[in-house]
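K.L.:
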Amino acid sequence: MTARPPVLSRSPVLQSADLPSDLLARAHGAAAVLRERGVRAGDRVAVDARIPPGADRADAGAGGRPGAAQRPGAADPWATLAWFLGADLLGAATLVVDPAWTPRERDAVLADAAPAVVAGGVPEPGPDVDPVGGDDSLFYLPTTSGSSGRPKVLARTRDSWRLGFDALGPVAGPVLIAGPLSSSLFLFGALHALHHGVELRFRSRLDAADARHAGGLHLVPAMLSGLLDGLERNPGPVALQTIVCGGAHVGPALRSRCAQLLPDSALVEYYGSAEHSLIASRRDDGPLTAFPGVDTEVRDDVLWVRSPQSFSGYLRDGVLDPAGTGWSSVGDRAEIDAGGGITVHGRGSATISSGGALVAAEEVETVLRAVPGVADVVVAGTPHPALGALVTAVIEAGDVSPSSRALREAARAGLAPGKHPRRWLVTSALPRTSSGKPARAVVDAGLRDGTLGATPLPSEVPR
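Quick note: the sequence shown, position 317, residue 317 per UniProt numbering, numbers continuous.
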């Protein structure tokens with residue numbers, strides 16, 4: 001029997017025959033191609049499976065499965081999975097290229113990942129390849145934005161993710177993934193479904209009509225809000241049994257609305273990070289509680305985590321900087337009550353969680369500071385009930401105020417769409433610390449309570 005890729009080899013229910021046959025055959029074909037190109041155990045691979053203009057992928061993706069409609073320029077999810085699992089068969093770690101990256105972002109990520117091969121297109125079915133490597137083999141290179149302004153490349157072992165598949169538990173199928181596999185949240189959802197042996201479907205965007213016929217769904221709060229809007233406009237039967245929501249906090253209003261519109265669907269919210277995977281979850285209105293095997297504690301209002309799901313380190317210029325073992329933190333502020341309930345108040349560093357994406361404030365600031373008329377800028381998050389936070393640029397104007405058009409053009413040229421500011425404010429002087437640096441904490445507080453002395457850019461004023 002054709003061997004399963006190692007990351008899926010510990011499934012309690014999955015057999016090779018349960019995987020989409022075309023996906024498994026193409027994964028082995030991808031492994032054969034990568035091996036011919038010199039990829040060996042311990043190497044790194046980048047996958048860029050963008051659909052070329054004019055290609056017809058409306059009915060099925062590379063896995064030959066229905067429901068994979070994708071736009072030209074988007075990455076083919078089935079082809080991406082085939083390359084990803086093919087690299088895993090060889091014991092190589094994969095970076096999934098985000099089509100939305102600007103050339104600057106792509107160059108920075110590839111410089112740190114230093115892949116031996118960049119693979120693309122749709123791999124053909126191929127001969128069986130014997131899997132290599134063990135539980136501690138690196139298999140995945142997720143990315144996140146760092147406060148230095150350069151995207152960070154992380155390294156994950158097979159076991160660090162397999163533990164998460166079992167910790168979250170099975171989800172009813174078919175499972176719908178309506179986001180790019182360059183996002184670790186959606187890639188996790190896809191592999192989680194395969195691990196538990198349920199049918200997997202893809203869409204490039206979430207539509208209520210597709211969600212009605214899914215048994216499980218992985219999404220972020222903004223997508224959940226949009227789904228509920230669609231169901232309100234067009235009520236009718238819904239088959240959804242489980243909604244898995246991550247990437248940002250699900251507020252009480254959104255949770256209540258979900259319970260009213262989808263009373264037969266369980267909403268599973270989880271809290272985690274790219275560095276630690278799954279940390280805590282909740283399935284009702286109670287507090288978040290840590291997953292089994294995950295230890296948490298608060299030191300000076302900051303959450304620290306010790307977990308077998310933690311990452312192995314950061315890649316910098318192709319060299320792994322090990323994370324070490326034991327306790328670590330990403331800077332989230334939190335409280336833990338006597339019963340172990342966790343309340344997360346947000347990231348203490350200059351990183352904004354917006355719609356499931358982590359946006360490094362300093363990266364956005366670097367791009368905007370180059371615009372004429374910008375004396376200085378602080379990028380922060382304005383609280384938002386669905387997105388978690390709106391990326392907000394607070395501009396300190398120079399002698400001549402910058403134009404809204406110039407700012408937006410700079411953002412489009414230098415940043416992925418998810419990092420673009422959604423709110424633009426201008427002030428004559430940013431609040432500053434005694435050392436002269438912008439006072440981020442003051443800006444954050446002013447955005448939260450509406451006391452910040454800043455006004456909308458002229459084009460941002462409602463008419």
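Virtual Cβ for every residue (Gly too), placed ideally from N, Cα, C.
DSSP three-state label for Asp317, please.
P.N.:
The residue labelled residue 317 in the question sits at position 317 within the sequence shown. Here Asp317 sits in coil by DSSP.
K.L.:
Residue range of the alpha helix (DSSP H) that Ser277 falls in?
P.N.:
Looking up residue 277 in the sequence shown gives position 277. Per DSSP, Ser277 belongs to no alpha helix (DSSP H); it is in the beta strand (DSSP E), Ser277 to Arg282.
K.L.:
How should Gly164 be labelled, buried or exposed, when 16 other C-beta atoms within 10 angstroms of its C-beta is the threshold for buried?
P.N.:
For the purposes of this step, residue 164 is taken as the residue at position 164 of the sequence shown. By the neighbour-count rule (16 or more Cβ atoms within 10 Å), Gly164 is buried.
K.L.:
I need the straight-line Cα distance from Ala25 to Val442, nearest angstrom please.
P.N.:
Taking the first residue of the sequence shown as position 1, residue 25 is located at position 25. Taking the first residue of the sequence shown as position 1, residue 442 is located at position 442. When rounded, the distance between both Cα atoms is 56 Å.
K.L.:
Relative to the C-alpha of Gly340, which candidate in Ser281, Arg156, Phe188 and Ser354 has its C-alpha closest?
P.N.:
Your numbering for residue 340 matches position 340 in the sequence shown. With distances taken between Cα atoms, Gly340 lies closest to Ser281.
K.L.:
Could you name the residues that DSSP lists as bridge partners for Gly381?
P.N.:
Residue mapping note: residue 381 aligns to position 381 of the sequence shown, counting from 1. Its beta-bridge partners are Val391.
K.L.:
Quick check: what's the CA-CA separation for Ser225 versus Ala208?
P.N.:
The count along the sequence shown starts at 1 and reaches residue 225 at position 225. The count along the sequence shown starts at 1 and reaches residue 208 at position 208. Distance between the alpha carbons of Ser225 and Ala208: 11 Å.
K.L.:
Cutting at 6 Å between CB atoms, please list the residues of its own chain near Val175, excluding the five before and the five after it.
P.N.:
Position 175 of the sequence shown, counting from 1, holds the residue named residue 175. Result list for Val175: Ala193, Val198, Leu200 and Gly216, in chain order.
K.L.:
Mark Thr451 as exposed unless 16 or more other C-beta atoms lie within 10 angstroms of its C-beta, in which case mark it buried.
P.N.:
Within the sequence shown, the letter at position 451 stands for residue 451. By the 10 Å Cβ count, Thr451 comes out exposed.
K.L.:
Would you decide whether Ala82 is buried or exposed? Buried here means 16 or more other CB atoms lie within 10 Å of its CB.
P.N.:
Counting from one through the sequence shown, the residue named residue 82 turns up at place 82. Its Cβ being crowded by 16 or more others within 10 Å, Ala82 is buried.
K.L.:
Would you decide whether Val400 is buried or exposed? Buried here means 16 or more other CB atoms lie within 10 Å of its CB.
P.N.:
As a working mapping, residue 400 is identified with position 400 in the sequence shown. Exposed, because fewer than 16 other Cβ atoms sit within 10 Å of the Cβ of Val400.
K.L.:
Determine the direct distance from the alpha carbon of Arg412 to that of His420, and round the result to whole angstroms.
P.N.:
By one-based count along the sequence shown, residue 420 stands at place 420. By one-based count along the sequence shown, residue 412 stands at place 412. C-alpha separation (whole angstroms): 7 Å.
K.L.:
Tell me the DSSP secondary structure of Thr451 in three-state form.
P.N.:
Here residue 451 corresponds to residue number 451 of the sequence shown, with the count starting at 1. Residue state, collapsed to three classes: coil.
K.L.:
Given Val371, which residues of its chain have a CB within under 8 Å of its CB, disregarding the five upstream and five downstream residues?
P.N.:
By one-based count along the sequence shown, residue 371 stands at place 371. The answer, listed in chain order, is Pro402, Ala406, Leu407 and Ala410.
K.L.:
Once the 5 residues before and after residue 476 are set aside, which same chain residues still bring their CB inside 7 Å of it?
P.N.:
Because the chain in this structure spans residues 1 to 463, residue 476 falls outside the shown range and cannot be described.
K.L.:
So, helix, strand or coil for Gly149, using DSSP?
P.N.:
Numbered from its first residue, the sequence shown carries residue 149 at position 149. Confidence is the limiting factor: at Gly149 the pLDDT is only 43, short of 50, which leaves the residue's position unreliable, though a coordinate-based value still follows. DSSP places Gly149 in coil when its eight states are reduced to three.
K.L.:
Let me know if Asp321 comes out buried or exposed under the rule of 16 or more other beta-carbons within 10 Å of its beta-carbon.
P.N.:
By 1-based counting over the sequence shown, the position of residue 321 is 321. Asp321 should be labelled exposed.
K.L.:
Determine the closest residue to Ala274 out of Gly453, Arg448, Ser307 and Ile336, with distance taken between C-alpha atoms.
P.N.:
The residue given as residue 274 occupies position 274 in the sequence shown. Of the candidates Gly453, Arg448, Ser307 and Ile336, the one whose C-alpha sits nearest the C-alpha of Ala274 is Ser307.
K.L.:
Should His195 and Leu8 be called a contact, given that it needs their Cβ atoms to be closer than 8 Å?
P.N.:
Reading the sequence shown from its first residue, position 195 is the one you call residue 195. Reading the sequence shown from its first residue, position 8 is the one you call residue 8. In contact: His195 and Leu8 (Cβ atoms closer than 8 Å).
K.L.:
Just to confirm the assignment, what range does the beta strand (DSSP E) spanning residue 500 have?
P.N.:
Because the chain spans 1 through 463 in this model, residue 500 falls outside it and cannot be assessed.
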